[in-house]
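Let me begin by presenting the structure, written as structure tokens, before commenting on it.
Number of protein chains: 2
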Amino acid sequence: MIKALLMQDLSAQSQALARGQCSSAELTAAALAAIAASQPHLNAFIHLDAPAALLAARQSDARRAKKRILGPLDGLTLAVKDNIDVAGMPTSAGMATRRGRLASIDAFVVQRLRAAGMVILGKLNMHEAALGATNDNPHFGRCENPLRDGYTPGGSSGGSACAVAAGLCALALGSDTMGSVRIPAAYCGVVGFKASYGRISTAGSVACSPMLDHIGPILRSQRDLQLVLPVISAFDAGCADARDLPDLHALSSPRWVAASDVEQLGTTPEVTAAYRQAIQALRDRGQPVTEIAIGSYDFGRARRAGLLIVEADLLVEHQQDWELQPQLFSAQLARFLKFGEKQPASAYAAAARVVAASHIEVARWFSHGDVMLLPTAPQTAFSFADPVPANQADFTSIANMAGIPALSLPLPCAAGALPAGLQCIAPAGAEATLLALDLQGICTR
Amino acid sequence: MIKALLMQDLSAQSQALARGQCSSAELTAAALAAIAASQPHLNAFIHLDAPAALLAARQSDARRAKKRILGPLDGLTLAVKDNIDVAGMPTSAGMATRRGRLASIDAFVVQRLRAAGMVILGKLNMHEAALGATNDNPHFGRCENPLRDGYTPGGSSGGSACAVAAGLCALALGSDTMGSVRIPAAYCGVVGFKASYGRISTAGSVACSPMLDHIGPILRSQRDLQLVLPVISAFDAGCADARDLPDLHALSSPRWVAASDVEQLGTTPEVTAAYRQAIQALRDRGQPVTEIAIGSYDFGRARRAGLLIVEADLLVEHQQDWELQPQLFSAQLARFLKFGEKQPASAYAAAARVVAASHIEVARWFSHGDVMLLPTAPQTAFSFADPVPANQADFTSIANMAGIPALSLPLPCAAGALPAGLQCIAPAGAEATLLALDLQGICTR
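Here the protein sequences come in this chain order: A and B.
All residue numbers for the first sequence refer to the numbering used here, where the first residue is -19 and numbers rise by one.
All residue numbers for the second sequence refer to the numbering used here, where the first residue is -19 and numbers rise by one.
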């Protein structure tokens, strides 16, 4: 019974605890057992603290016995991407330079989830320095896609999506600079969410790019966002990227917009088919979908601009390590950083203009409707043996650049095939509309 | 009578037109005469189009005769800083490279004010490329402070503040990257306003720094903002910096915050005295003012970061001119650009982090109250013969970096002395609170 519960979402697990069907200690022990069994193959975790997790679970059970739980998340399991601080655990950011570097306090979001009673299992594998989308980590080992052997779970939050898809934790935190929460969520068939820029504090995380970074949850259902978002989206006056955002009301019947030309942008036939099927399903329900062409936006130029910004930002974030122990950086990452070192300030300034221009493009989308639908990535998960598609983050990074919320939900696929993601994007401050979307029967979670 | 009216604010002039006390053609002719008389000494204007202005004025009068005016601004005079496009006029940005470069369409804000019936007189002098705060322009001549011979009107929107203070136009537009609207407004004893980042479109202006630029009005009274802001703050989907901002309700009794340590930050005795007097006057009215120290914020570091960003951004904006005709840049500007050329992308990235950290400091201010009061500049206008104070924009640029609204109102001064400015700063989206502030009797406009 408990093993089956591990594959359920937060809401179901919360209900099971509330009904006394199991204890947090039992759930946590089962998760730890599942992790132990999975590690040799999936390698989702970089760091585990089983004793601390079991202690926290027993404390949760004690609260529950006294009818003093801290909320619906109390006693449920959380795992955290390894670029986000958990007090007493190392924060490696998937980098050899940072191996064993202990965090003394929780990141803001971790603090909030811990205060809500969550049981923290450990730290999750990720692409080195959060720059890359395969999670083929040279220092901590490759993380596998639980849906298919030898395939990437996506990145950079690959461990987070893998752990959620494989039932190793009830909730995972990831970080998303160009799509690093939504892409692995799509590749692993789970739910990924990136809020408006500034909604969720990034304080206590290793920056990839302060201008583009977002911390976001990976979950097993869309409905679970209702439990998680209010906890992690509190204003953090101590964080440079925290903003007092408007809380726009949820639109009950949002006007849909979709892209008519995803094929021309390199979307594979399977993803295109799944995407078109979702649009058709909405129309079959009597919900109009306005299709617009988006190919006039230069996705390649935006990608190069984003990459240049990240490279320069990483030089600032890892300056000391890069100076003192450059040999600990992978050849791939070193190549990126060396490219960044050669760029002048004016190239960064020009790239920032390209990033800012994303606002013009998304304003155009939202002149046609309330929620933009795009594939999350132009392809499904690919084999580690295959080359990395250059356009992987094209449909996701525009939401980072424009600072707008985006939700990735898994689309159905044939038995044995790999799922595509449907990305639902809304204007800044319109998280509530995304949370309220009714895509049951169209998406699988 | 009309000559006296030129020194009145928009509201009074609008009323005079409504009452038939004068026509727009008379007002416009009087303004043109005042400009002509002032030019040899003040040199506020770089470009004038008297025939077009008189034509527009007559058209306004014709609308009025048919009782079809376009609003309270119809028939009132507007002059525009020369880095903001007015169709058919050159946009020099105070640069020799751009001399005579005609704009084919109005900037977004100009378009809005023209559609509201305003009569556009011409283009206003400014510091070269909007980088600098003296308006000692080597290509178009020095603009003088109308309050004292041989003194700077401030910059970079020096011509804008000069024209408003001298009664040469009813409203002027300026641009504000580190304080370039508020500083000249303070130095010339008039009102300057910078809205939240994204509230007023910068489309159609020559960028100083897209990240920090704001277009803002310079006016002869605080109340005039009620007429101007709704016209110029429409959302512009075609502009990269336009944002859908929350419209926070005006607070009728805002809790005041002030800085206890402005002296330690280099504020001159006269400005400190005027500032403290304003705070005391609020207390005398029974309004508590919480004083906090702000010296822990590294204003010097922020200044250097802002300057580096502007230098790199100017290289992007003027790239072609800098390559093809570098000899047309002043020695001062060339020095800035050459410094910028030597900076690596990572220096820009590091500077962007400093800019972002301004959010932490202003969040701290607003944890103590609703409106922060600061001197606009640490000094009053200074002689062109004196060295330029390095800290001129320290109290203003933090609002550009944090993207929050700030209003500069003139403080009283002894007869013959030069006025200081009182800067009222509020959180993003809280323009309404600043517009509703009641500082009558404390500020002079």
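A virtual CB, placed ideally from N, CA and C, is assigned to each residue, including glycine.
Everything numeric in this text was worked out from a predicted model, so none of it was measured.
Enclosing beta strand (DSSP E) for residue i [first to last residue]
i	result
H27 of chain B	F25 to L28
M352 of chain B	V351 to P355
S155 of chain A	L151 to D156
I198 of chain B	H194 to L199
A436 of chain A	With chain A covering only -19 through 425, there is no way to say anything about residue 436 of chain A.
E243 of chain A	Neither: E243 of chain A is in no beta strand (DSSP E) and is coded neither H nor E.
V269 of chain B	V269 to I272
G320 of chain A	Note, G320 of chain A: premise wrong, no beta strand (DSSP E); alpha helix (DSSP H) at A311 to E321.
Contact under 8 Å by Cβ, residue i with residue j
i	j	result
E411 of chain A	I378 of chain A	no
E297 of chain B	V186 of chain B	yes
F364 of chain A	R122 of chain A	yes
C404 of chain A	L391 of chain A	no
Q257 of chain A	W236 of chain A	no
N23 of chain B	E124 of chain B	yes
V171 of chain B	S137 of chain B	no
N63 of chain B	M98 of chain B	no
K174 of chain B	G196 of chain B	yes
A373 of chain B	M158 of chain B	yes
L228 of chain A	T413 of chain A	yes
D216 of chain A	F316 of chain A	no
A329 of chain A	Y177 of chain B	no
S(-6) of chain A	L53 of chain A	yes
A96 of chain A	G51 of chain A	yes
V66 of chain A	K103 of chain A	yes
C308 of chain B	A76 of chain B	This sequence places Leu at residue 308 of chain B; Cys is not what is there. It is a contact, given that the beta carbons lie within the stated cut-off.
CA nearest to the CA of residue i, picked from the options
i	options	result
M(-19) of chain B	B:G80, B:L(-10), B:G286 and B:C2	B:C2
D193 of chain B	B:C404, B:L287, B:E250 and B:P52	B:L287
K47 of chain B	B:L(-3), B:S84 and B:V90	B:L(-3)
I198 of chain B	B:D418, B:G320, B:L7 and B:L387	B:L387
G320 of chain B	A:K322, A:S326, A:K318 and A:F319	A:S326
A292 of chain B	A:F173, A:R333 and A:A311	A:R333
F375 of chain B	B:D227, B:S189, B:D29 and B:V251	B:V251
D418 of chain A	A:L104, A:P234, A:P31 and A:G80	A:P234
A9 of chain B	B:A30, B:S(-9) and B:S18	B:A30
G135 of chain A	A:A145, A:A331 and A:Y167	A:Y167
H119 of chain B	B:L205, B:A285 and B:R79	B:R79
D366 of chain B	B:G130, B:A95, B:R179 and B:R263	B:G130
A294 of chain B	B:S189, B:A67, B:C142 and B:R425	For the record, residue 294 of chain B in the displayed sequence is Leu; it is not Ala. Out of B:S189, B:A67, B:C142 and B:R425, B:S189 has the C-alpha closest to the C-alpha of L294 of chain B.
N115 of chain B	B:A83, B:L353, B:I163 and B:A14	B:I163
C149 of chain A	A:L58, A:T132 and A:F279	A:L58
I85 of chain B	B:A183, B:P133, B:D(-11) and B:N117	B:A183
L34 of chain B	B:I49, B:I15, B:L7 and B:H21	B:L7
A165 of chain B	B:A14, B:Q359 and B:G55	B:Q359
R94 of chain A	A:Q39, A:A261, A:Q260 and A:R81	A:Q39
I274 of chain B	B:M(-13), B:I49 and B:L353	B:L353
Y255 of chain A	A:D278, A:I422 and A:F362	A:I422
Supposed close pair residue i, residue j - CB separation, criterion 8 Å
i	j	result
S72 of chain A	I100 of chain A	Rounded, the Cβ-Cβ distance is 16 Å, inconsistent with contact.
I272 of chain B	H339 of chain B	Actually they are not in contact, since the Cβ atoms of I272 of chain B and H339 of chain B sit about 17 Å apart, beyond 8 Å.
V335 of chain A	A406 of chain A	The Cβ separation is near 19 Å, so there is no contact.
S213 of chain A	A416 of chain A	Not confirmed; about 16 Å, so no contact.
P324 of chain B	P324 of chain A	6 Å
First and last residue of the uninterrupted alpha helix (DSSP H) at residue i
i	result
P249 of chain B	P249 to D264
V99 of chain A	From DSSP, V99 of chain A is part of no alpha helix (DSSP H) but of the beta strand (DSSP E) over V99 to L104.
Q(-7) of chain A	L(-10) to A(-2)
K(-17) of chain B	I(-18) to L(-14)
Cβ-heavy atom distance, residue i to the ligand ATP, below 7 Å
i	result
D293 of chain B	Judged by which ligands are present, the structure shown has none, so any question about the ligand ATP falls away.
CB contact below 8 Å: residue i versus chain C
i	result
H339 of chain A	Included in the structure are the protein chains A and B, with no chain C among them.
Along the region 317 to 334 of chain A, what residues have a CB closer than 9 Å to any CB found in chain B? G320, E321, K322, Q323, P324, A325, S326, A327, Y328, A329, A330, A331, A332 and R333
Taking only beta carbons into account, state which residues of the region 242 to 275 of chain A come closer than 7 Å to chain B, listed in chain order. none
Members of the region 343 to 373 of chain B near chain A, C-beta cut-off 9 Å: A343, R344, F346 and S347
Chain B contacts from the region 279 to 296 of chain A (Cβ-Cβ distance under 9 Å): L288, I289, E291, A292, D293, L294, L295 and V296
Selection of the region 212 to 225 of chain A by Cβ proximity to chain B, strictly under 9 Å: Against chain B - using a Cβ distance shorter than 9 Å - the residues of the region 212 to 225 of chain A are F215, D216, A217, G218, C219, A220, D221, A222, R223, D224 and L225.
Using a Cβ-Cβ cutoff of 8 Å, what residues of the region 392 to 411 of chain B are near chain A? List them in chain order. P407, A408 and G409
Could you list the residues in the region 83 to 101 of chain B with a C-beta less than 8 Å from some C-beta on chain A, going in chain order? none
Scan the region -7 to 18 of chain B for residues whose Cβ lies nearer than 9 Å to a Cβ of chain A and list them as they occur along the chain. none
Quick one: which residues of the region 175 to 192 of chain A get their C-beta closer than 9 Å to a C-beta of chain B? List them in chain order. G178, A187, S189, P190 and M191
Residues of the region 66 to 82 of chain A whose Cβ lies closer than 9 Å to any Cβ of chain B, in chain order: none
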